[in-house]
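Notes to accompany the following structure.
Number of protein chains: 2
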Amino acid sequence: MRELVPSLVRESDSKIVLLVLDGLGGVRTAGRASELAEARTPNMDQLAAEGSSGVHTVVGPGITPGSGAGHMALFGYDPITYLLGRGALSAAGVNFALRAGDVAARVNFCTVDDEGHVLDRRAGRISTETNQRLCTMIMNEIQMEAGIEVFVVTERDHRALLVLRGLGLSADLTDTDPGITGVKPTFPTPRSNEATGTAALVQSFLDQVRAILCDEQANFMLLRGFDTLRPIEAFPNRYLLKARGIASYPMYLGLSKIVGMDVSPATAGWMESVEDLKANWYDYDYFYLHQKPTDSAGEDGDFERKIAAIEQVDQTIPEIASLGAGVICITGDHATPAPLKRHSWHPVPFLMWGESVGTDGVDRFDEEAARHGAFGYQYAKDLMAFMLAAAGRLATYGA
Amino acid sequence: MRELVPSLVRESDSKIVLLVLDGLGGVRTAGRASELAEARTPNMDQLAAEGSSGVHTVVGPGITPGSGAGHMALFGYDPITYLLGRGALSAAGVNFALRAGDVAARVNFCTVDDEGHVLDRRAGRISTETNQRLCTMIMNEIQMEAGIEVFVVTERDHRALLVLRGLGLSADLTDTDPGITGVKPTFPTPRSNEATGTAALVQSFLDQVRAILCDEQANFMLLRGFDTLRPIEAFPNRYLLKARGIASYPMYLGLSKIVGMDVSPATAGWMESVEDLKANWYDYDYFYLHQKPTDSAGEDGDFERKIAAIEQVDQTIPEIASLGAGVICITGDHATPAPLKRHSWHPVPFLMWGESVGTDGVDRFDEEAARHGAFGYQYAKDLMAFMLAAAGRLATYGA
Numbered sequence: 140m141r142e143l144v145p146s147l148v149r150e151s152d153s154k155i156v157l158l159v160l161d162g163l164g165g166v167r168t169a170g171r172a173s174e175l176a177e178a179r180t181p182n183m184d185q186l187a188a189e190g191s192s193g194v195h196t197v198v199g200p201g202i203t204p205g206s207g208a209g210h211m212a213l214f215g216y217d218p219i220t221y222l223l224g225r226g227a228l229s230a231a232g233v234n235f236a237l238r239a240g241d242v243a244a245r246v247n248f249c250t251v252d253d254e255g256h257v258l259d260r261r262a263g264r265i266s267t268e269t270n271q272r273l274c275t276m277i278m279n280e281i282q283m284e285a286g287i288e289v290f291v292v293t294e295r296d297h298r299a300l301l302v303l304r305g306l307g308l309s310a311d312l313t314d315t316d317p318g319i320t321g322v323k324p325t326f327p328t329p330r331s332n333e334a335t336g337t338a339a340l341v342q343s344f345l346d347q348v349r350a351i352l353c354d355e356q357a358n359f360m361l362l363r364g365f366d367t368l369r370p371i372e373a374f375p376n377r378y379l380l381k382a383r384g385i386a387s388y389p390m391y392l393g394l395s396k397i398v399g400m401d402v403s404p405a406t407a408g409w410m411e412s413v414e415d416l417k418a419n420w421y422d423y424d425y426f427y428l429h430q431k432p433t434d435s436a437g438e439d440g441d442f443e444r445k446i447a448a449i450e451q452v453d454q455t456i457p458e459i460a461s462l463g464a465g466v467i468c469i470t471g472d473h474a475t476p477a478p479l480k481r482h483s484w485h486p487v488p489f490l491m492w493g494e495s496v497g498t499d500g501v502d503r504f505d506e507e508a509a510r511h512g513a514f515g516y517q518y519a520k521d522l523m524a525f526m527l528a529a530a531g532r533l534a535t536y537g538a
Numbered sequence: 140m141r142e143l144v145p146s147l148v149r150e151s152d153s154k155i156v157l158l159v160l161d162g163l164g165g166v167r168t169a170g171r172a173s174e175l176a177e178a179r180t181p182n183m184d185q186l187a188a189e190g191s192s193g194v195h196t197v198v199g200p201g202i203t204p205g206s207g208a209g210h211m212a213l214f215g216y217d218p219i220t221y222l223l224g225r226g227a228l229s230a231a232g233v234n235f236a237l238r239a240g241d242v243a244a245r246v247n248f249c250t251v252d253d254e255g256h257v258l259d260r261r262a263g264r265i266s267t268e269t270n271q272r273l274c275t276m277i278m279n280e281i282q283m284e285a286g287i288e289v290f291v292v293t294e295r296d297h298r299a300l301l302v303l304r305g306l307g308l309s310a311d312l313t314d315t316d317p318g319i320t321g322v323k324p325t326f327p328t329p330r331s332n333e334a335t336g337t338a339a340l341v342q343s344f345l346d347q348v349r350a351i352l353c354d355e356q357a358n359f360m361l362l363r364g365f366d367t368l369r370p371i372e373a374f375p376n377r378y379l380l381k382a383r384g385i386a387s388y389p390m391y392l393g394l395s396k397i398v399g400m401d402v403s404p405a406t407a408g409w410m411e412s413v414e415d416l417k418a419n420w421y422d423y424d425y426f427y428l429h430q431k432p433t434d435s436a437g438e439d440g441d442f443e444r445k446i447a448a449i450e451q452v453d454q455t456i457p458e459i460a461s462l463g464a465g466v467i468c469i470t471g472d473h474a475t476p477a478p479l480k481r482h483s484w485h486p487v488p489f490l491m492w493g494e495s496v497g498t499d500g501v502d503r504f505d506e507e508a509a510r511h512g513a514f515g516y517q518y519a520k521d522l523m524a525f526m527l528a529a530a531g532r533l534a535t536y537g538a
């Protein structure tokens, strides 16, 4: 069944700008307010004062989202229906064109001892150049049974992509990454009968990798997130929006590509992302800009650095607002509270600014103020409908 | 399809304590605040100040829940999917092991006049001893057709359990309790074709009961809530939690057993329940403690007694908090406002306290304060996910 919102979409001249501060959401603790509440954000506060605020649950009550799920929701795709695995994300990030039937997984090169126990899950964070050399070695020496192709493609640092291609493969396998050191990687275990053959293939591949890499520091690999290509209705068709994703990290460009957006080159950071926005303003209807350091700082437990990453975005708001968007939405794809040092399940504040949004008496942008905003509690997947509506891009429903 | 939250469950050392004050929710009226707002609860107020609050809708907007539905929701089972009838609840309460195919119903012994009109729906609240004598009489004298077994088991006061056992039975029957006096009990009416035979069996049973009890004050019985055993995924498997239910009333121990928890002996009341919690602290991951007098007082319209029952729990909070739980959640299974003298549909306040919950500026525990808490409006069935999340027992969703 076609979904309601896409069925109501119509065109308009009004542009939509979505600013995603990764892991924006925080929590108040006994000692401090949240990062967003403590950050000096006069420009976001002004947009909040002129527009309306709310908080969103990213996936569901109590659920801690990964970045893939958070972004799919913000793009208006139900993150439960449209679950993306690491394999598909990695493939999109390195521009590998997955085909129907391919099985993809995220590779971490690692170091194991003589008995095969994991010593370092990231092999001392080997360089991208070393990673490329190892991938070439494996590609040259690996021998799979007839009809099966293997691709090992460098992502960055210790990360790579594995793709198996052939008939009858299944991604219904467990990860081999034990998640800790001092133990052996787990065997790739089929979670259903159809995956039995694929599990054996992966095991044969891993046995060969172990032999090929035996003299390297990064002498083995861990596999996570076995995945296949899943059909997704392209964002530009779904919403009649010519869309551009702008980010510095490949994964977020990959996410944009998965949903069919055009993407920027990987930018050097937020300031360059804003330049890309300005340079491409007249060619698109929808822009998604991604700020990564808010999340990285949160995961490091670095409260002040997360504040700085928020304030960096704030300083560019006047420049962005002056471009003449119909709607600007500022939010995060999940919470990464510095006191918790990880993604969390807490709701994420958002503000929606635009001519037809209306204002709600909330005059600053933070978690507590946003809870009292006109939008109240929403699900992340529904923000897209509000953006479209505020841009005059949704027809009236029902006579 | 497996549900999302159970699919993300992982183990942790963090313990969860759920305190259920039965019928906790109240309403503000022209004259008074709610019972919870008027109660002196310095300890719950402190947990609210350190944690976060919200209100929950137990089943759905405007729906007044029974205790079974309210508890199933708090245990994380959708109360609409997992509806429990009175028959199954009664069976669990008296430790009767229902088998697949059994039909169970709640019995109320009653008094009827010579024409069969109901004079007293509770037969003057006969003693449990009288009840036992009547059940024995019936069991000795009743004669059912070949292949059909009948069990009549005393619960307490005027209440008993009826179980029919045999092939081809159906619980799709209407209650015989007219709900009022001065009229005859209704016939057990089949609601589908499959229940026609069972309806006739029940009528034959009732005709005999009327004859067997003709010389008693409690000279007949009313039947409610025909039900069968329904498969439920056990709580300890579903959430990877070794779980203990602690209560003074058999029905709540029965509810705990239905979902597969271990249970305490029936305690003498709240103070003994807290002793059971302390004595078993190291053997379980999850504890559910039930306080009944809040509900009984509400149903009696006794505002002051409901306050006292709330304050009794409050006084034990420091002792409970000192045990070192990862998460404490305090709430009710529904509202029983004393001014209404019955269960009601009103939302129920809850507070969630724990290291990773965060605080929200709400510094007391009552209906109005809770509405402004960080959790906002939730469904009761989703509280379990928040408890698991706050205890670090849910993995990240989506890469």
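Protein chains in written order, with this note's numbering: chain A, 140 to 538; chain B, 140 to 538.
Cβ coordinates follow ideal geometry from the N, Cα and C atoms, glycine included.
1. For Y536 (chain B), which option in A:G170, A:H210, A:G165 and A:K445 has the closest C-alpha, if you only look at C-alpha atoms?
2. Given a threshold of 16 other Cβ atoms within 10 Å of its Cβ, counted over all protein chains shown, does A529 (chain B) qualify as buried or as exposed?
3. Is it right to say A169 (chain B) is buried, meaning 16 or more other beta carbons lie within 10 angstroms of its own, or is it exposed?
4. Under three-state DSSP, which class holds Q356 (chain A)?
5. Distance, Cα to Cα, Q271 (chain A) vs Q356 (chain A)?
6. Would you list, in chain order, the members of the segment 144 to 155 of chain B that have their beta-carbon closer than 9 Å to a beta-carbon of chain A?
7. Under 8 Å by Cβ, that's how I've got A87 (chain B) and R149 (chain B) pegged, so tell me the actual separation to the nearest angstrom.
8. Near P457 (chain B), what residues of its chain come up, given a Cβ to Cβ distance below 8 Å and the 5 sequence neighbours on each side ignored?
9. For A464 (chain B), which residues in the same chain have their Cβ closer than 6 Å to its Cβ, ignoring the five residues on either side in sequence?
10. Could you give the uninterrupted runs of the beta strand (DSSP E) lying entirely in the segment 415 to 464 of chain B, keeping only those of 3 residues or more?
11. Going by CA-CA distance only, name the one from B:K431, B:R377, B:D424 and B:L312 that's closest to P145 (chain B).
12. So what's F344 (chain B) in DSSP terms, helix, strand or just coil?
13. Which ranges would you report for the alpha helix (DSSP H) in the segment 228 to 282 of chain A if only whole runs of at least 4 residues count?
14. Please identify, using Cβ separations under 8 Å, the residues of the segment 435 to 466 of chain A that lie next to chain B, in order along the chain.
15. Taking just the CA atoms, how far does V291 (chain A) sit from I277 (chain A)?
16. Could you tell me if F326 (chain A) is buried or exposed, where buried requires 16 or more neighbouring beta carbons within 10 angstroms of its beta carbon?
17. For a contact meaning CB atoms closer than 8 Å, what does A169 (chain A) contact in chain B?
18. Can you list the residues of chain A that A524 (chain B) reaches, using a CB-CB cut of under 9 Å?
19. Going by Cα to Cα distance, which pick from B:V413, B:D316, B:G165 and B:S151 is closest to F489 (chain B)?
20. Specify whether the segment 306 to 321 of chain A and the segment 248 to 261 of chain A touch according to this definition: at least 3 beta carbon pairs, one from each stretch, less than 8 Å apart.
21. Name the chain A residues that come within less than 9 Å of L533 (chain B), Cβ to Cβ?
22. With 7 Å as the C-beta to C-beta threshold (strictly closer), list the residues of the segment 221 to 252 of chain A near chain B in chain order.
23. DSSP three-state label for E288 (chain A), please.
24. Whole angstroms is fine: what's the gap from L228 (chain B)'s alpha carbon to E333 (chain B)'s?
25. Please report how far the alpha carbon of Y427 (chain A) lies from the alpha carbon of V159 (chain A), in whole angstroms.
26. S191 (chain A) and F514 (chain A) - do their beta-carbons sit closer together than 7 Å?
27. Answer yes or no: does any C-beta atom of chain A fall closer than 7 Å to that of Y425 (chain B)?
28. Compare the C-beta of Y536 (chain B) with all C-beta atoms of chain A and state if any pair is closer than 7 Å.
29. So, V194 (chain A) versus A509 (chain A), is the Cβ gap smaller than 7 Å?
30. Tell me whether E189 (chain B) sits in a helix, a strand or coil according to DSSP, three-state version.
31. For the segment 373 to 387 of chain B against the segment 334 to 341 of chain B, do three or more pairs of beta-carbon atoms, one drawn from each stretch, fall closer than 8 Å, so that the two count as touching?
32. What does I219 (chain A) reach in chain B if we use C-beta pairs closer than 8 Å?
33. Output the boundary residues of the beta strand (DSSP E) element that contains F489 (chain A).
34. My output table needs one value for A524 (chain A): the three-state DSSP class, helix, strand or coil.
35. Of all the CB atoms in chain A, is at least one closer than 7 Å to the CB of A508 (chain B)?
36. Among residues of its own chain, excluding the 5 on either side of D314 (chain A), which ones have a beta-carbon nearer than 6 Å to its beta-carbon?
Taking the definition as stated:
1. A:H210
2. Label assigned to A529 (chain B): buried.
3. exposed
4. Here Q356 (chain A) sits in coil by DSSP.
5. Taking the straight line from one Cα to the other gives about 14 Å.
6. V144 and L147
7. What the structure shows of chain B is the stretch from 140 to 538, and residue 87 (chain B) is not part of that stretch, so it cannot be assessed.
8. N182, listed in sequence order.
9. K154 and V156
10. 425 to 430
11. B:R377
12. helix
13. List check, alpha helix (DSSP H) in window: 267 to 280.
14. Result list empty, no residue passes.
15. CA-CA distance, I277 (chain A) to V291 (chain A), rounds to 7 Å.
16. exposed
17. E189 and T498
18. By Cβ distance, chain A contributes G199, P200, G201, I202 and W484.
19. B:G165
20. Touching, yes.
21. Correct list: G201, I202, T203 and W484.
22. L222, L223, G224, R225 and L228
23. For E288 (chain A), the three-state secondary structure derived from DSSP is strand.
24. 23 Å
25. 7 Å
26. yes
27. no
28. yes
29. yes
30. helix
31. With a cut-off of 8 Å, the segment 334 to 341 of chain B and the segment 373 to 387 of chain B do not count as touching, because too few Cβ pairs lie within range.
32. L143
33. V487 to G493
34. helix
35. no
36. Within the same chain, D314 (chain A) has close Cβ partners R363.
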